[in-house]
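Residue numbers (our numbering), protein chains in the order written: chain A, 181 to 690; chain B, 43 to 418.
Report on the following structure.
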Amino acid sequence: MIDPGQVNWARATFALTAMYHWIFVPLTLGLSFLCAFFETIYVRTGNAQWKTLTKFWMTLFGINFAIGVATGIILEFEFGTNWSNYSWMVGDIFGAPLAIEGIFAFFIEATFFAVMFFGWDRVSQKMHLFSTWMVAAGSNLSALWILVANGWMQNPIGMTFNPDMARFEMQDLWSVVSSPVAISHFTHATSSGFLLASLFVISVSSWYLLKKRHGQFARRSIAVACVFGLLSSLFVAFTGDEHAFLTARTQPMKLAAMEALWDGKAPTGLIPIGLVNPDKKPGDKQEPFIFSVEIPGMLSVLAKRSLNGFVPGINDLSFGNSAHGVTGIDDKIRRGRLAVSSLRDYKMARDAGDSTAAAGSLAIFDQNREYLGYGHLESVDQAVPPVALTFYAFRVMVGMGLFFILLFLTYLILSMRNRLESQPLLLKIGVGSVFLGYLASQAGWIVTEVGRQPWAIQGMLPVTVAHSNLDTTTVAVTFFMFLFLFSALLIAEVKIMTRQISIGPEGGKS
Amino acid sequence: MIGNLEWASLQQLWWLIVSVVGALFVFLTFVQGGQTLILTLARDEHEKSLIINSIGRKWELTFTTLVLFGGAFYASFPLFYASSFGGAYWVWIAILFTFVVQAVSYEYRRKPNNFLGQKTYEIFMFINGSVGILLIGAAIGTFFTGSNFTLNDYNLVNWTHPLRGLEAAFSLFNLSLGLFLVFLARVLGALYLAGNLEHESLVDRLKHSSFDNLVCALPFLLYVLVGLATMDGFAVDPANGAVSMVSGKYLHNLLDMPIVLVMLLAGLLLVILGVVLNRLTRSVRGIWPAGFGTVLTCLAIFCLAGYNNTPFYPSKADLNSSLTIYNASSSHYTLTMMSYVALAVPFVIAYIAWVWRQMDSRKLTVDELTADEKSY
């Protein structure tokens, strides 16, 4: 029996823990590299002021890193605790990247972190610098493996369903690891981390400039951060475009939701700004937008790389569009139900020792196996993700991304001309920009994860089948436990971080 | 080479790999042991700081080993991962909570404006070292005493006890194993700290403490060993996979696998040797024999649970739902690929050892902590 309350609490818990974790991860990904840059400059110039600068940013890195670790451990085990059916059904594939992450990435971080913080006088200068770089490499390698895992959930490849075991089994590890979707997730998410960390450094340094404190320290930090930030933000835009292009091919429903595109056209326009009609449902005649501005043909170019490409809308995907070769979800549900029932028949016949009946059922299953996941859906509506949230989150992310490119460019130009301090308004925007960075970063994950609902594994396993056999109260109680604990830790983190910033780089014993 | 191995051989290999990771984790719980020693051994803030900064340079290794233990189990025995985490829900959530609060405690404990106060973070550390380790021990105990679950035709787990895993802590055997691990962690913590710190009176107390904690651990160890030797155990019939209760099963396992018996006895002797070395001589290197002994002992315990036609995660509620290394494992392909991946483990251990040597070559002193603004 499916208890929708339980599934939704489990989803809420995952959203909560993942979003908390993602507050801290991007800063770790980027600040680790910035620390490595700063320390490299120190080692090459021998200037002790760069060492002070490096140590200051490392202190902030450490405060952020600790809570990143704390919020991260839950996620790995949550696949088991709250999504145990998922863990069984795809564990043969999904467990591998998590184990590899432990072996290849986490130990690098754990080992060299201690050297980075406590090894200044215990190891050679070169060994210390090497360790700092290793922490950066290790953090970003962790991101690689978890994003390979996530990319596989978005675009499951390299596996097959084994009807005897009633689970999915891996056939090709390399195709899982080198999946274009996974690599695109990795490059986009890590570079967004570099971007956010650059904003963080600019924000803190701008605050010092406004307060007329630590001027040289702040200018130096900004000089490195705005170059890194500008390069990262351009790369984020590039990988984002690639990511959306891949989404159009692998998750057309997500793309349709991102664009609130209900009826596909050739060519299709892009709606950069719009107010979504929240009541619209698949198949009805309501207007999709209350208000919208359209750039003609633009979505065809972005999603199909052609001026006249057909981009399927939610209605095309729901009910099929034979002219453009789109199979409808209604049809997939019908065939999915055949797959589910023939699988059950196959197992019963096999257990009863009736090999003829088993072979017959297996043949039906084989004809419909590709739609197995759809057999668990109750209606077409269920296959459509929340459109408005996906649409707005996407625009927040993209809009912010473009703004950050301009911001880094402005900072770079003024920093080169040494005129930052005469621009208090810009510095104020710089201070605030890190919060926009966090917002954009969270919005990106909302697009990725909300946009693929109801699937735990795209097209294969809906969340309503993936969850654990728990009662609603248990999961709800856990949700509030995490909410309470993580919020308390976040408050502690922010208080410690802001105090360290106000103490400043020459603060002495902290 | 690995690709030619039989599925059963790979399943046995992976049980060994998971067991090694688990055994290394127990050795590394010297960090958790150290966390519980702060309250009883440190006489002033300097001593407390010495202890916390010494184990604070290693805590992430322990934490990461636990995460790898979970990841390796997931990749190699996904049905265990799904059944145990999704079934024995509360015991795992409780264990995880103690590790979440541990992860921030070193960094935040003495930072100004830390919201919860220094004492709270020290309590977090203590809870992690006591309750956390106790529950892990209780969970491992269920490898022998069994759990309350059934699996349906699609291998989906249903837990039949309302406490969802916490009931494990109410068995004397599981509780004894948990308490043994808590005291063992304290023994190891005291041994590690004695070798890592330069502080005459504190080191002297640490050397005594490792002995006292071993004495505390012994009754629980005895209960576990006698229990293992006398209890009815879960056995699988290799012909048809049916599970039944067999009297003296684990004693039989020991006698059938003499190497495991040797590992168990040698392991325990080495732990005792390490403690005696520190207690009776001027040496402070007892952590090494005791640590190696801990790894051997835990390996033996895991081998008892998983090999020789024994279900490693037995079900009391429905014997035939019990998990064996054969019915809970990943596919032949996945185990093969992961075996290639595991070839990297010796390199990982090598660089950890290399960095460890560099960082621990000089003992930690109060002066160094006072001079270092980054110290915990």
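Backbone N, C-alpha and C define an ideal beta-carbon position, used for all residues, glycine too.
Note that the coordinates shown come from a computational prediction; the quantities given were computed from them, not determined experimentally.
Counting only Cβ pairs nearer than 7 Å, list the residues of chain A close to residue i.
{"i": "L138 (chain B)", "result": "I253, I254, F257"}
{"i": "R99 (chain B)", "result": "A294, F298"}
{"i": "Y292 (chain B)", "result": "Here the premise fails: no neighbours, minimum Cβ distance about 27 Å."}
{"i": "D86 (chain B)", "result": "The contacting residues do not exist; D86 (chain B) stays about 17 Å from chain A at best."}
{"i": "V199 (chain B)", "result": "S264, N649"}
Could you name the residues that DSSP lists as bridge partners for residue i?
{"i": "P277 (chain A)", "result": "Note: P277 (chain A) sits in no beta bridge, so no partner."}
{"i": "F354 (chain B)", "result": "None, per the DSSP bridge assignment."}
{"i": "M287 (chain B)", "result": "B:F276"}
{"i": "W442 (chain A)", "result": "Its beta-bridge partners do not exist; DSSP assigns none."}
{"i": "I609 (chain A)", "result": "None; I609 (chain A) has no bridge partner."}
{"i": "E349 (chain A)", "result": "A:T340"}
{"i": "W425 (chain B)", "result": "It is not possible to answer for residue 425 (chain B), since the shown part of chain B is limited to 43 through 418."}
{"i": "G420 (chain A)", "result": "According to DSSP, G420 (chain A) bridges with nothing at all."}
{"i": "V491 (chain A)", "result": "A:K445"}
{"i": "F105 (chain B)", "result": "DSSP output for F105 (chain B) lists no bridge partner at all."}
{"i": "N501 (chain A)", "result": "A:V506"}
{"i": "I453 (chain A)", "result": "A:V473"}
{"i": "L389 (chain A)", "result": "According to DSSP, which records beta bridges pairwise, L389 (chain A) is partnered with nothing at all."}
{"i": "L239 (chain B)", "result": "B:L406"}
Determine the chain B residues that contact residue i at a beta-carbon separation under 8 Å, and present them in chain order.
{"i": "S267 (chain A)", "result": "Y116, P120, Y123, A124, F127, G128"}
{"i": "Q351 (chain A)", "result": "Y375"}
{"i": "F286 (chain A)", "result": "T106, V109, L110"}
{"i": "D272 (chain A)", "result": "P120, S372, S373, T376"}
{"i": "L665 (chain A)", "result": "F139, V142, V143"}
{"i": "A279 (chain A)", "result": "L110, G113, A114, Y116, A117, S118, M380, V383"}
{"i": "A672 (chain A)", "result": "V146, Y150, N156, F157, L158"}
Since residue i and residue j are thought to touch, with beta carbons under 8 Å apart, how far apart are those beta carbons, to the nearest angstrom?
{"i": "A285 (chain A)", "j": "N197 (chain B)", "result": "Going by Cβ atoms, the distance from A285 (chain A) to N197 (chain B) rounds to 30 Å, so no, they are not a contact pair."}
{"i": "F204 (chain A)", "j": "I247 (chain A)", "result": "5 Å"}
{"i": "L193 (chain B)", "j": "S363 (chain B)", "result": "4 Å"}
{"i": "A210 (chain B)", "j": "G174 (chain B)", "result": "So it is not a contact: roughly 14 Å between Cβ atoms."}
{"i": "F115 (chain B)", "j": "Y123 (chain B)", "result": "5 Å"}
{"i": "T654 (chain A)", "j": "Y131 (chain B)", "result": "7 Å"}
{"i": "G76 (chain B)", "j": "G316 (chain B)", "result": "That pair is no contact at about 16 Å."}
{"i": "E422 (chain A)", "j": "L450 (chain A)", "result": "Contact doesn't hold; Cβ gap of about 17 Å is too wide."}
{"i": "T376 (chain B)", "j": "A117 (chain B)", "result": "7 Å"}
Say yes only if the C-beta of residue i is nearer than 7 Å to one or more non-hydrogen atoms of the ligand NAP, and no if none qualify.
{"i": "G581 (chain A)", "result": "With respect to the ligand NAP, the structure shown offers nothing to examine, as it has no ligands at all."}
Which residues in chain B sit within 7 Å of residue i, going by Cβ to Cβ distance?
{"i": "I247 (chain A)", "result": "V146"}
{"i": "L669 (chain A)", "result": "V146"}
{"i": "L207 (chain A)", "result": "Ordered by position in chain B, no residue passes the 7 Å Cβ test against L207 (chain A), which lies about 14 Å from the chain."}
{"i": "T197 (chain A)", "result": "What T197 (chain A) touches in chain B: nothing, since even the nearest Cβ is about 10 Å away."}
Give the residues of chain A in contact with residue i, contact being defined as C-beta atoms less than 8 Å apart.
{"i": "F105 (chain B)", "result": "V249, I253, A290"}
{"i": "G237 (chain B)", "result": "Simply none; closest approach about 16 Å."}
{"i": "Q400 (chain B)", "result": "V295, G299, R302, V303, M307"}
{"i": "A386 (chain B)", "result": "I283, F284"}
{"i": "W134 (chain B)", "result": "F257, G260, T261"}
{"i": "Y265 (chain B)", "result": "The contacting residues do not exist; Y265 (chain B) stays about 29 Å from chain A at best."}
{"i": "Y355 (chain B)", "result": "What Y355 (chain B) touches in chain A: nothing, since even the nearest Cβ is about 13 Å away."}
{"i": "M379 (chain B)", "result": "A276, M350, L353"}
Can you pull the chain A neighbours of residue i, defined as C-beta to C-beta under 9 Å?
{"i": "I394 (chain B)", "result": "F287, A290, T291"}
{"i": "W56 (chain B)", "result": "Simply none; closest approach about 10 Å."}
{"i": "Y45 (chain B)", "result": "Reading off the sequence shown, one finds Gly at residue 45 (chain B), where the question assumed Tyr. Going along chain A, no residue has its Cβ under 9 Å from G45 (chain B), so there is no contact; the nearest lies around 12 Å."}
In chain B, what lies closer than 9 Å to residue i by C-beta?
{"i": "E686 (chain A)", "result": "None at all; the shortest Cβ gap to chain B is about 10 Å."}
{"i": "T367 (chain A)", "result": "Chain B residues near T367 (chain A): none, gap ~23 Å exceeds 9 Å."}
{"i": "I676 (chain A)", "result": "E149, Y150, K153, P154, N155, N156, F157"}
Problem set entry | Residues in the segment 151-166 of chain B having any Cβ partner in chain A nearer than 8 Å | K153, P154, N155, N156, F157, L158
Problem set entry | Residues of the segment 404-416 of chain B whose Cβ lies closer than 8 Å to any Cβ of chain A, in chain order | R404, E410, D414, E415, K416
For this session: With a floor of 3 residues, list each beta strand (DSSP E) that falls wholly inside the segment 620-644 of chain A, ordered by position along the chain.
Result: 635-637
Problem set entry | Residues, ordered as in the chain, of the segment 211-244 of chain A that lie near chain B by beta-carbon distance below 9 Å | K235, M238, T239, G242, I243
Exercise. The segment 182-208 of chain B: which residues have C-beta closer than 8 Å to a C-beta of chain A, in chain order?
Worked result: D195, Y196, N197, L198, V199, N200, W201, R206
For this session: Report the residue ranges of all beta strand (DSSP E) runs contained in full by the segment 306-379 of chain B; include only those spanning at least 3 residues, in chain order.
Result: none
Exercise. Name the residues in the segment 464-495 of chain A whose C-beta lies less than 9 Å from a C-beta of chain B; which are they?
Worked result: none
For this session: Return the chain-ordered ranges of every alpha helix (DSSP H) run that is complete within the segment 200-286 of chain A and spans a minimum of 4 residues.
Result: 228-261, 264-281
Problem set entry | Where the segment 448-463 of chain A meets chain B: residues whose CB sits under 7 Å from a CB there | none
Exercise. Given a limit of 9 Å on CB to CB distance, which residues of the segment 223-247 of chain B reach chain A?
Worked result: none
For this session: Would you list, in chain order, the members of the segment 516-532 of chain A that have their beta-carbon closer than 7 Å to a beta-carbon of chain B?
Result: K527
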